[in-house]
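Novice: As numbered in my numbering, residues 1 to 290 make up the sequence shown, in order.
The beta-carbon is built from N, C-alpha and C at its ideal position, and this holds for glycine as well.
Okay, handing you the structure first.
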Amino acid sequence: MTKDLINILDLVGRKAVPEPWAEGDNIPWSEPGFSERMLKQHLSQAHDLASRRFETIDTHIAWIHQKLLEGKQSKILDLGCGPGFYAGRLAKLGHECVGIDYSPASIKYAAEQAGKEKLICNYLHEDIRKAEFNIGFDLVMLIYGELNVFRPADATAILKKANRALSEHGILLLEPHSFGVVKSIGEQPSSWYSAKSGLFSDKPHICLEEGFWDGQSNTSTKRYFIIDASTVDVAHYATTYQAYTDQQYSSLLKESGFEAIEFYPSLGESKDKYQEDLIAIVAKKSNDGK
Ligand SMILES: C[S@@+](CC[C@H](N)C(=O)[O-])C[C@H]1O[C@@H](n2cnc3c(N)ncnc32)[C@H](O)[C@@H]1O
């Protein structure tokens, strides 16, 4: 996917307030150059920008393996698996894993690691909004806040597909943002930075960021304008996050065929010391399995 470029005049004449999702679906995870640069961020152990540090992921894996799966060998589907840090570790514990992600660099890295370590881990380079999921999984997971970036209709469709992918007693693990955190994303003041190279471009550029909270649709939209320092072309990206109350998460899950919905303050036993803005939800496939 190549991004259409605009110019500074278009930037100045931009709509004062963006419509949710009208200016883009997400940051360009699936764009090859961006995904290579993002992979470096996933792998960095200095921050939790794209994936959490391995010391945190290890605590999540222990919780998933012991508490959710009760140590039983299981079939796991990881949606938005990134470079396979979760699927790979779960496979090492004897689980059979499938990971789906539309970032080419992440999926390539994940598949190479699985090959090197001879893991039962199959990685698919697909968009989870469009992909058909296989069936017979004991656990389907969608973590690190990614549920909120989908339009509600897409989120429902993904959850319904996850439901169909689960075996009779299968469980769903979600790790979305709380309502307040989504609101605060949109309320952050505008900001900018310059870089010789960075996540959005490997050339000198300026990145302008704007946030908007829309109290009617309960969405936050973040706009990114990346100005190339030599051509002054502007690339424009936007991500919209849907905020849900706990009650709305419950309704969304019931509508998608889940029951026994449980909320946890975080993924794992204790709050992540670096990051406190995500909650965990565990639900069972409903007996009348919609
Ligand atoms: C914040 S990262 C988390 C990666 C991984 N779950 C982890 O915690 O290490 C979000 C991931 O979701 C993926 N993603 C976002 N939207 C997607 C879509 N529509 N289809 C497939 N993957 C998607 C991105 O490419 C990225 O790898």
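If you check the beta carbons only, do residue 94 and residue 81 fall under 7 Å apart?
Specialist: no
Novice: Sorted by chain position, which residues of the same chain lie with C-beta nearer than 7 Å to residue 246's C-beta, five sequence neighbours on each side aside?
Specialist: 263
Novice: Which residues bound the beta strand (DSSP E) around residue 261?
Specialist: 258 to 264
Novice: Below 8 Å on the Cβ atoms is my contact criterion, and I expect residue 268 with residue 29 to pass it. Report the Cβ-Cβ distance as a whole number of Å.
Specialist: In fact, because the Cβ distance is near 25 Å, the residues do not count as touching under 8 Å.
Novice: Count the C-beta pairs between the region 119 to 137 and the region 211 to 222 that are closer than 8 Å, then say yes if the count reaches three, no if not.
Specialist: Segments in contact, no.
Novice: Can we count residue 85 as close to ligand 1, meaning its CB is less than 6 Å from some heavy atom?
Specialist: yes
Novice: Which class does residue 281 belong to by DSSP, given the choice of helix, strand or coil?
Specialist: Residue 281 carries a strand assignment under DSSP once its states are collapsed to helix, strand and coil.
Novice: Run through DSSP, which three-state label would residue 129 get?
Specialist: coil
Novice: When the Cβ atoms of the region 151 to 164 are set against those of the region 183 to 201, are three or more pairs found closer than 8 Å?
Specialist: no
Novice: Between 55, 136, 14, 238, which has its C-alpha nearest residue 223's C-alpha?
Specialist: For the residues 55, 136, 14, 238, the minimum Cα distance to residue 223 belongs to 238.
Novice: Determine the extent of the beta strand (DSSP E) in which residue 222 is found, giving its start and end residues.
Specialist: 219 to 228
Novice: Mind checking whether the beta-carbon of residue 33 lies closer than 6 Å to any heavy atom of ligand 1?
Specialist: no
Novice: Does DSSP classify residue 96 as helix, strand or coil?
Specialist: Residue 96 falls in the strand class under three-state DSSP.
Novice: So, for residue 2: in the same chain, excluding its five sequence neighbours on each side, which residues have a beta-carbon less than 6 Å away from its beta-carbon?
Specialist: Any reading at residue 2 must be qualified, since the residue scores a pLDDT of 47, below 50, and its modelled position is unreliable; no value is offered.
Novice: Using alpha carbons as the reference points, say which of 17, 135, 104, 47 lies closest to residue 291.
Specialist: Because the chain is modelled from 1 through 290, residue 291 falls outside the range shown and cannot be assessed.
Novice: Terminal residues of the continuous beta strand (DSSP E) containing residue 195?
Specialist: 191 to 195
Novice: I need the boundaries of the beta strand (DSSP E) containing residue 75, first residue and last residue.
Specialist: 75 to 79
Novice: Within the present structure, is the beta-carbon of residue 266 separated from the nearest heavy atom of ligand 1 by less than 6 Å?
Specialist: no
Novice: With 16 other CB atoms within 10 Å as the buried threshold, where does residue 114 fall?
Specialist: Counting other Cβ atoms within 10 Å of its Cβ, residue 114 reaches 16 or more and is therefore classed as buried.
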